[in-house]
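Here's the structure we're looking at; comments come further down.
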Ligand code: ATP
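Numbering (the numbering used here), first residue to last: 55 to 271.
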């Protein structure tokens, strides 16, 4: 498994982290494409929870989602690297793209526990995923391995309701709202390239590689 941009960033680790338990947050997603909502919630989590590192883990596309409007794994990985390059607290890891199937989140968490045995592990998600979590494979087991950081989304946003805690799950809830949506970007890529939801380097990459093609003029 490749740790794609851990190495070059280790030089920027704060010296204060030496000797204390590292706080590492896993951030799984399709990232099709990664947008400023993703980096915004990761940055908010890093700040509020005093995280040493957020690891972006692009996952395999579920087979029923494949189609002309979806980008391939190497494009999604490359866009994640472009969008996070400026953050010394962020890294991108291809574990979930290269690990043998099935790629369940609890398996990813176990692999990261083996890689970082002395760290406290977190898992970052939006409220839509928090609501769907009971349907994830062995969600209770995942909950025993990580603390969840849940960023409000949609009706749960700054003016909406609170994220509902779940017994036995360690929850850190972050209030806020970011309107970016990967689905909206894919559905109207030529319009969305002009909005502020994409990192400029990602927008350029999408143009250069003619991704999400069906909407191109
Ligand atoms: P799609 O629209 O294709 O479903 P998505 O961004 O919701 O895209 P992922 O790329 O899998 O899907 O998202 C990764 C994680 O980021 C998920 O936990 C999702 O809830 C969260 N997320 C994505 N966009 C936002 C947002 N605007 N605000 C809060 N959380 C978000």
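From the three backbone atoms N, C-alpha and C, an ideal C-beta is built for every residue, glycine too. Being a predicted model, the structure only gives us computed values, none of them experimental.
If you measure from the CB of residue 189, is any heavy atom of the ligand ATP nearer than 7 Å? As a working note, residue 189 is residue 135 in the chain shown. No, the Cβ of residue 189 stays beyond 7 Å of every heavy atom of the ligand ATP.
Buried or exposed: which applies to residue 188, given that a residue is buried once 16 or more other Cβ atoms fall within 10 Å of its Cβ? Position 134 of the chain shown, counted from the start, is the residue given in the question as residue 188. The residue in question, residue 188, is exposed, as its Cβ has fewer than 16 Cβ neighbours within 10 Å.
Quick check on the contact list: which residues have their beta carbon closer than 6 Å to a heavy atom of the ligand ATP? 83, 84, 85, 86, 91, 92, 95, 179, 180, 182, 183, 205, 207, 232, 234, 235, 236 and 237
Among the residues of its own chain, which have a CB less than 6 Å from the CB of residue 109, if the five just before and after it don't count? Position 55 of the chain shown, counted from the first residue, corresponds to residue 109. Excluding positions up to five away in sequence, the list reads 80, 145 and 147.
Can you tell me the Cβ-Cβ gap for residue 202 and residue 184, rounded? I've got them flagged as a contact below 8 Å. In the chain shown, counting from the first residue as 1, residue 202 sits at position 148. In the chain shown, counting from the first residue as 1, residue 184 sits at position 130. About 7 Å; that satisfies the 8 Å criterion.
Would you check whether the ligand NAD has a heavy atom nearer than 7 Å to the C-beta of residue 240? The ligand NAD is not part of the structure shown, which contains the ligand ATP as its ligands.
Assuming residue 124 contacts residue 232 (C-beta within less than 8 Å), just tell me the rounded distance between them. The residue given as residue 124 occupies position 70 in the chain shown. The residue given as residue 232 occupies position 178 in the chain shown. The Cβ separation is near 22 Å, so there is no contact.
Got a sec? Which residues, its chain only, sit under 7 Å from residue 157 by beta carbon, not counting five neighbours each side? For the purposes of this step, residue 157 is taken as residue 103 along the chain shown, with counting starting at 1. So the list reads 113, 114 and 150, once near-sequence residues are dropped.
Length of the line joining the Cα atoms of residue 186 and residue 173: Counting from 1 along the chain shown, the entry for residue 186 is found at position 132. Counting from 1 along the chain shown, the entry for residue 173 is found at position 119. Near 26 Å, if we compare the C-alpha coordinates of residue 173 and residue 186.
Would you decide whether residue 242 is buried or exposed? Buried here means 16 or more other CB atoms lie within 10 Å of its CB. Here residue 242 is taken as the residue at index 188 of the chain shown, counted from 1. Classification of residue 242: exposed, given that the 10 Å Cβ count is below 16.
Report back the beta-carbon spacing between residue 143 and residue 100 to the nearest angstrom; my notes put them in contact at under 8 Å. As a working note, residue 143 is residue 89 in the chain shown. As a working note, residue 100 is residue 46 in the chain shown. Yes, they are in contact, since the Cβ atoms of residue 143 and residue 100 sit about 5 Å apart, within 8 Å.
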